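Residue numbers (our numbering), protein chains in the order written: chain A, 26 to 278; chain B, -11 to 278.
Yeah, the Cβ is synthetic: ideal placement off N, Cα and C, and Gly gets one too.
Predicted model only: the values in this text are computed from it and were never measured.
Okay, so here's the structure we're looking at.
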Ligand SMILES: Cc1cc2nc3c(=O)[nH]c(=O)nc-3n(C[C@H](O)[C@H](O)[C@H](O)COP(=O)(O)OP(=O)(O)OC[C@H]3O[C@@H](n4cnc5c(N)ncnc54)[C@H](O)[C@@H]3O)c2cc1C
Ligand SMILES: Nc1ncnc2c1ncn2[C@@H]1O[C@H](COP(=O)(O)O)[C@@H](O)[C@H]1O
């Protein structure tokens, strides 16, 4: 088995979205960085499959030099090696991202095909819902999206989607592309030895050129919320009568 | 000028038609159940041919799991740009769209350079008009001429839900616990209050990551999006990714030890205190008054 996982570095925003001065990106000076929980589940699943059946797992990201941190994080969980498609930090649209990842996969597959390629169902920040499918089409491979269950069955993969009213099951032949959602599994935490091993695992670096974009980001804005006015009902257990009054007023108790 | 709309579940999404109507009075539609069991590549192939035949100026769908899935497939096979979860899109040589990022916590204004933008509309994000109808495209010929490879990805089986009780997405009351609950066992008091209010238990991502609750209980950007009459958040700080899942609630009550926690100014009602004291006191008060 040879498996690829695609992850994207994003800021770990807290209670508030704060824009940079040019309103084209988030102010990230005081923030940590992470990847989407969906992608974390993709990493975990890839590691589990290789642990069970042997082979090699690879992680790829298209992102700025600092995105090597997210590659190391994935390797700390057990991914074997990484490919870094390095950018200057500018936003790439879904099509350009998919093209760069497809080119990297084609080059990599000179030394053996990926049986399975994992994507997140959507990236944490852009939420474009498309890079995985674009890569799958370019490679001419079947793709099933939004999976909460991925099970290898011989030369095919059984895919389960949560529809809100049960599960839809698809069975597609390998090689295949899957996009997954959080809840697929419960990812492990990185161990100290895992982190130490990750520091020594290979990262190959390429610098693709940013092509013309067909979806050009102009400006970001923070949506006006429902503008709730917060009413303090009290402190500690003594607030209970006021809470129950409120529950009665709104008709739930 | 005419536009094509992808219809899921029988009835077209009025929200999607509302945006599509700002482009054209001539709305044509293709149904996602044109091929059953569901085969997303086949629907994408049909949409591509129908859009070509109509010279559609744009293709619209609702930003549901299937809407975004099929539209991305249309994008991949045609090389057209796709903007997911839009709340606005103005026609023109350059198409200006406003779309949701971060599960709706941030908006992006973008310019699309294309002759045929592919657009999905963000569910519940803007007011829908009523009563718009569409002209069904006759797709039989496109079905007859489907390439077998477009039927490889196809629903092979459906598994019914375990059943029992109302789902988190549909519950009228949701009582959620976050890191402040402290442990798996700590959820007993959350369950008790939810039970008394006929509601469901929810939680934050910290809780599911720790294994205290299953992911099916998680509210948020990568969990379930809910819009109950009342959301009670206990020991939850109010991170944007959590609020992305519960901001549709009619009323929010936050119970938190820290009056400065973000949720304490995002809620309608707040109680400052230790949830281990406040939550049982509320349950006791409800019992007392019955
Ligand atoms: C891409 C992405 C997607 C994400 N998706 C989700 C998602 O779907 N859902 C989600 O929830 N999160 C999501 N997160 C994580 C999110 O950013 C926060 O980390 C998470 O919501 C925090 O959970 P919390 O509020 O329980 O914990 P914390 O932020 O640690 O807050 C705990 C709160 O409990 C209070 N507290 C502590 N003890 C007590 C006590 N005894 N009594 C009362 N109050 C107490 C504290 O004052 C604090 O406010 C996502 C993050 C990313 C990057
Ligand atoms: N810059 C990137 N580098 C690597 N993978 C990416 C990148 N952007 C998106 N992806 C992958 O594609 C998925 C879907 O992204 P999107 O289409 O932006 O929602 C993500 O969850 C990732 O798995």
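Item                                                                                                                          : Value
Counterpart residues of residue 230 of chain A in DSSP-defined beta bridges                                                   : A:109
Cα-Cα separation between residue 296 of chain B and residue 113 of chain A, rounded to whole angstroms                        : The question about residue 296 of chain B has no answer here: the residues shown for chain B are numbered -11 through 278.
C-beta atoms of residue 28 of chain A and residue 61 of chain A nearer than 7 Å                                               : no
Members of the segment 65 to 79 of chain B near chain A, C-beta cut-off 9 Å                                                   : 65, 67, 68, 69, 70, 71, 72, 73 and 75
Reference residue 227 of chain B; option with closest CA among A:33, A:41 and A:160                                           : A:41
Outcome for residue 100 of chain A when other beta-carbon atoms lying within 10 angstroms are tallied against a minimum of 16 : buried
Cutoff 8 Å; reference residue 71 of chain B; Cβ partners in own chain excluding five residues on either side                  : 77, 85, 87, 98, 100, 105, 106, 107 and 108
Environment of residue 1 of chain B [buried if 16+ CB atoms lie within 10 Å]                                                  : buried
Residue 59 of chain A CB to nearest heavy atom of ligand 1 below 6 Å                                                          : yes
Distance, residue 128 of chain B Cα to residue 243 of chain B Cα                                                              : 57 Å
Proximity test, Cβ basis, 7 Å: residue 203 of chain A and chain E                                                             : The structure shown has no chain E; the protein chains it does contain are A and B.
Residue 263 of chain B CB to nearest heavy atom of ligand 3 below 6 Å                                                         : The ligand content of the structure shown is limited to ligand 1 and ligand 2, which means ligand 3 is not among them.
Where the alpha helix (DSSP H) through residue 164 of chain B begins and ends                                                 : First-last for residue 164 of chain B: 161 to 165, but that is the beta strand (DSSP E), not the alpha helix (DSSP H).
Anticipated Cβ contact below 8 Å, residue 158 of chain A with residue 64 of chain B, distance rounded                         : 5 Å
Within 9 Å of chain A by C-beta, residues of the segment 134 to 149 of chain B in sequence order                              : 137, 140, 141, 142, 143, 144, 145, 146, 147, 148 and 149
Proximity test, residue 155 of chain A beta-carbon vs ligand 2 heavy atom, cut-off 6 Å                                        : yes
Residue-chain proximity (residue 95 of chain B, chain A), Cβ-Cβ < 7 Å                                                         : yes
Residues in the segment 235 to 258 of chain A having any Cβ partner in chain B nearer than 9 Å                                : 237, 238, 239, 240, 241, 242, 243, 244, 245, 246, 247, 248, 250, 251, 253, 254, 255, 256, 257 and 258
Inter-residue CB distance, residue 149 of chain B and residue 191 of chain A (contact presumed, cutoff 8 Å)                   : 4 Å
Three or more C-beta pairs below 8 Å linking the segment 41 to 51 of chain A and the segment 69 to 77 of chain A              : no
Contact list for residue 20 of chain B against chain A, beta-carbon separation under 8 Å                                      : Those do not exist, as residue 20 of chain B stays about 13 Å from chain A at its closest Cβ, beyond 8 Å.
Contact set between residue 193 of chain A and chain B, taken where Cβ atoms lie within less than 9 Å                         : 25, 26, 143, 144, 145, 146 and 147
Residue 63 of chain B Cβ short of 6 Å to ligand 2 heavy atom set                                                              : no
Where residue 34 of chain B sits in the DSSP three-state scheme                                                               : helix
Where residue 206 of chain B falls: helix, strand or coil (DSSP)                                                              : strand
CB-CB length for residue 46 of chain B against residue 111 of chain B, believed under 8 Å                                     : Actually they do not touch by this definition, with Cβ atoms about 19 Å apart.
Minimum C-alpha distance to residue 43 of chain B - residue among B:194, B:210 and B:14                                       : B:14
Under 7 Å by beta carbon: chain B residues contacting residue 154 of chain A                                                  : 56, 60 and 72
When B:239, B:270, B:265 and B:207 are compared against residue 267 of chain A, the one with the closest alpha-carbon         : B:270
Residue 121 of chain B burial status per 10 Å Cβ neighbour count (16 or more: buried)                                         : exposed
4 or more residues per run - each alpha helix (DSSP H) lying fully within the segment 107 to 156 of chain B                   : 128 to 132
Residue 175 of chain B beta carbon near ligand 2 (any heavy atom closer than 6 Å)                                             : no
Ligand 2 heavy atom lying under 6 Å from the CB of residue 26 of chain B                                                      : no
Where residue 61 of chain A meets chain B, residues with beta-carbon distance less than 8 Å                                   : 210
CB contact check: residue 161 of chain B to chain A, cutoff 7 Å                                                               : yes
Ranges of the alpha helix (DSSP H) found wholly within the segment 52 to 134 of chain A, counting only runs of at least 4     : 62 to 78, 93 to 101 and 119 to 133
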